[in-house]
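Down below is the structure, laid out as structure tokens.
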Amino acid sequence: MPFYGGSELANVYDDALEKGFGLVASNIAEPNIMMGLMEGAARKNSDLLLQLSGGASTFAGNEDPVDGLKAMGAYIDTIADQYDIGVFLNMDHQTDLEFIEAQMDLEIPSSIMIDASHEPFEENVARSKEVVEMKEEKGADVLIEAELGQIKGVEDEIESEEAFYTDPEQAVEFVDRTGCDLLAISVGTQHGVAKGKDLELRPDLAADIRQALRDHGLDTPLVLHGSSGVQPDQLQRMLQHGICKVNKDTRYQYEYTRTAYDLYSEDPTNIVPPEGVDADRDTFFNDTDWSPNKDVFDPRVAGRNIRERIADVHAELTEVSGTAGQSRYA
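In the UniProt record's numbering, the protein residues as written are 1 to 330.
As structure tokens, then:
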């Protein structure tokens, strides 16, 4: 097992429900973000939940998602061994059942999100249940996350903002029928089925969903997607209502590119010839007095800056989400 599996992750979620914190599930697309996240989490004595999407797996595997998962799994396993925190991997927004089965067979992820949230309710139930049953048949040590955002029976052509909030009683039915371990809900964040809608953030709805589940004997951890624009005080209110997993992706993408931009734009002539100098890159400027500055253009320079910035950002997020100082393994 490359890192901790689903049974250990379930223990972390139990702690989160009891203590009112939430794991920041951080998407990665390449190693610098991953290493920055590990450093930031370790700095704050926080366990770390990484995420890979299908697209990120495909990118890492040179257009082969299975190879990408293997490569990133090995990379995560090796670097995680340098730190005394728990490291987990969730496969984010999975729709391909064949790829999901490969994930279980490889025993790499700690959890898998089956995303059928754009389908009608009954189809969402059926697909999500199929993945849960696949896990049970294989005896795989993974948790299964599913997403519910649209109210049962609402047709796509009907414009209604209410259709993009999760209904508490429907959430109970969905969890009961699918057996999913975690439920991603729509409470007004701009993601997935709610993206592009003018929705109000509804912490009260998260509380209603949590209570409805508990009233039916279901202590299911809730997940918040699309949280990059959610402010710290709003997030902390959510965490008091059973939100145990908070997804972050866009923020890290921006910090990655902005950090590289800041380095290169500080003095563009370290990279780009000044006006009047022949810009023929094929000869690598052999015929000019100017040359690029290797102390700046070496990719490792930007890479180290990116790692440090990602570490700082994630360390701050562990304070906001309450995971700082909560590692079960440190």
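No residue lacks a Cβ here, since even glycine has one placed at the ideal position from N, Cα and C.
Tell me which same chain residues have a C-beta within less than 6 Å of the C-beta of residue i, skipping the five on either side of it?
{"i": "N32", "result": "G303, I306 and R307"}
{"i": "I28", "result": "M34 and L50"}
{"i": "D92", "result": "Q51, S53 and M113"}
{"i": "A42", "result": "Y83 and I85"}
{"i": "D88", "result": "A small correction: the amino acid at residue 88 is Phe; Asp does not occupy that position in the sequence shown. Correct list, in chain order: Y4, L9, L49 and S110."}
{"i": "R258", "result": "none"}
{"i": "F297", "result": "I271"}
{"i": "D14", "result": "none"}
{"i": "V277", "result": "T288 and W290"}
What whole-angstrom Cβ distance do residue i and residue j have, given they're in contact under 8 Å?
{"i": "N11", "j": "A330", "result": "No, N11 and A330 are not in contact; Cβ-Cβ is about 14 Å, not under 8 Å."}
{"i": "I114", "j": "Q94", "result": "6 Å"}
{"i": "L69", "j": "L37", "result": "That pair is no contact at about 18 Å."}
{"i": "G40", "j": "A315", "result": "4 Å"}
{"i": "D47", "j": "L17", "result": "Actually they do not touch by this definition, with Cβ atoms about 15 Å apart."}
Tell me whether residue i sits in a helix, a strand or coil according to DSSP, three-state version.
{"i": "F99", "result": "helix"}
{"i": "K245", "result": "strand"}
{"i": "D287", "result": "coil"}
{"i": "H225", "result": "coil"}
{"i": "residue 331", "result": "No answer is possible for residue 331: it lies beyond the span of the chain, which begins at 1 and ends at 330."}
{"i": "A29", "result": "coil"}
{"i": "A116", "result": "coil"}
{"i": "L201", "result": "coil"}
{"i": "F3", "result": "coil"}
{"i": "N90", "result": "strand"}
{"i": "M171", "result": "It is Ala, not Met, that sits at residue 171 in the sequence shown. Residue state, collapsed to three classes: helix."}
{"i": "Q231", "result": "coil"}
{"i": "residue 335", "result": "What the structure shows of the chain is the stretch from 1 to 330, and residue 335 is not part of that stretch, so it cannot be assessed."}
{"i": "A194", "result": "In this predicted model, A194 has a pLDDT of only 43, less than 50, meaning its place in the structure is not dependable enough to derive any value."}
{"i": "L218", "result": "coil"}
{"i": "I108", "result": "coil"}
{"i": "A146", "result": "strand"}
{"i": "S53", "result": "strand"}
{"i": "A140", "result": "coil"}
{"i": "A184", "result": "strand"}
Between which residues of its own chain and residue i is the CB-CB distance below 7 Å, once the five residues before and five after are set aside?
{"i": "A102", "result": "V66"}
{"i": "residue 331", "result": "Residue numbering for the chain in the displayed model covers 1 to 330; residue 331 lies beyond these limits and cannot be assessed."}
{"i": "A279", "result": "P273"}
{"i": "V125", "result": "F174, R177 and T178"}
{"i": "D71", "result": "For clarity, residue 71 is Ala in the given sequence; the question names Asp instead. Result list for A71: A60 and G61, in chain order."}
{"i": "N293", "result": "N270"}
Which same chain residues end up closer than 8 Å to residue i when comparing Cβ atoms and leaving out the 5 residues on each side of it in sequence?
{"i": "S7", "result": "D141"}
{"i": "A171", "result": "L148, L183, I185, I209, A212 and L213"}
{"i": "E200", "result": "G188"}
{"i": "E255", "result": "I306, R309, I310 and V313"}
{"i": "E145", "result": "N90, S111, I112, M113, I114, C180, D181, L182, L183, A184, V223 and K245"}
{"i": "M104", "result": "I112, M134, K135, K138, A140 and V142"}
With a threshold of 6 Å (Cβ to nearest heavy atom), would residue i be considered close to the ligand ATP?
{"i": "I310", "result": "Looking for the ligand ATP in the displayed structure turns up nothing, as the structure carries no ligands at all."}
If we count Cβ pairs, one from each stretch, closer than 8 Å, do we get three or more for the region 232-251 versus the region 286-294? By the Cβ rule, the region 232-251 does not count as touching the region 286-294, because fewer than three pairs are nearer than 8 Å.
Can you list the beta strand (DSSP E) stretches of 3 or more residues lying completely in the region 267-328, in chain order? Listed in chain order, nothing qualifies, since the region 267-328 has no complete beta strand (DSSP E) run of 3 or more residues.
Counting only runs that start and end within the region 57-90, where is the alpha helix (DSSP H) found for 4 or more residues in a row? Note on the region 57-90: whole alpha helix (DSSP H) runs with a minimum of 4 residues are 65-80, in chain order.
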